[in-house]
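Numbering (the working numbering), first residue to last: 63 to 260.
Virtual Cβ for every residue (Gly too), placed ideally from N, Cα, C.
Written as structure tokens, this is what we have:
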């Protein structure tokens with residue numbers, strides 16, 4: 063944003079959206095570093111040593127295990143908090159009026175692909191199971207009362223379209239572990255429940 067006055071030397075347009083290529087590159091980075099199946103995989107020897115240092119006797123009342131899945135999901139939630147914030151989604155739509163070429167439907171479709179596409183076949187690791195259900199729950203909140211009131215209509219439409227897309231993607235899924243089959247049924251159950259109130 064540039065707050066220069068009209069006619070002021072060196073002034074530029076007050077609102078200039080980030081170019082499409084940079085936005086796509088940012089989404090690609092998030093896909094690889096935050097949402098990919100391999101994003102948080104590390105050797106077991108690393109996870110075996112994620113112990114907090116003990117200083118004195120201050121560990122009473124709290125378990126000492128590192129809660130790896132909770133840590134990873136919190137990182138992923140923080141990214142989703144920003145990407146799916148009502149103001150951010152509205153800004154993506156509004157900024158089309160002054161040059162944004164990365165439209166909301168494409169942003170949401172790319173985010174859905176980042177979270178689900180790599181698992182269309184085969185097993186889904188537990189980090190991905192967590193983020194997939196978190197994402198489906200957030201999309202559901204965008205289309206069901208009372209939380210849907212915070213979102214504009216284009217955002218609600220994009221959420222609905224992506225829930226249906228995930229449903230189609232998973233409906234014919236076969237293969238993978240018993241854990242993956244249970245997860246797939248859970249995701250489909252959550253979507254079907256959301257669409258019944260739609």
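In whole angstroms, what separates the C-alpha of residue i from that of residue j?
i	j	result
residue 77	residue 159	10 Å
residue 223	residue 113	43 Å
residue 177	residue 98	7 Å
residue 218	residue 167	11 Å
residue 82	residue 186	31 Å
residue 74	residue 162	16 Å
residue 236	residue 246	9 Å
residue 171	residue 228	10 Å
residue 128	residue 157	42 Å
residue 102	residue 92	12 Å
residue 107	residue 214	47 Å
residue 110	residue 87	34 Å
residue 147	residue 209	12 Å
residue 105	residue 226	36 Å
residue 126	residue 240	30 Å
Is the beta carbon of residue i less than 9 Å from the beta carbon of residue j?
i	j	result
residue 155	residue 216	yes
residue 234	residue 184	no
residue 194	residue 249	yes
residue 169	residue 96	no
Sorted by chain position, which residues of the same chain lie with C-beta nearer than 8 Å to residue i's C-beta, five sequence neighbours on each side aside?
i	result
residue 192	131, 134, 135, 138
residue 260	Here the model assigns residue 260 a pLDDT of 47, short of 50, so the residue's position is not dependable, and the following value carries that caveat. Same-chain partners within the cutoff: 205, 206, 222.
Taking residue i as the reference, give the member of the options with the closest Cα.
i	options	result
residue 149	211, 189, 172	211
residue 203	189, 188, 220, 190	220
residue 189	70, 85, 242	242
residue 175	209, 94, 208	94
residue 100	125, 180, 143	180
Residues in its own chain within less than 7 Å of residue i by CB, not counting five upstream and five downstream?
i	result
residue 231	178, 182
residue 145	173
residue 68	none
Tell me which residues share the same chain as residue i and place their Cβ nearer than 6 Å to its Cβ, disregarding the 5 neighbours each side in the sequence.
i	result
residue 251	none
residue 89	172
residue 79	157, 161, 162
residue 85	164
residue 152	214
Next item on the list: Report yes or no: do the segment 248 to 258 and the segment 194 to 203 share at least 3 C-beta pairs separated by less than 8 Å?
Entry: Yes, the segment 248 to 258 is in contact with the segment 194 to 203.
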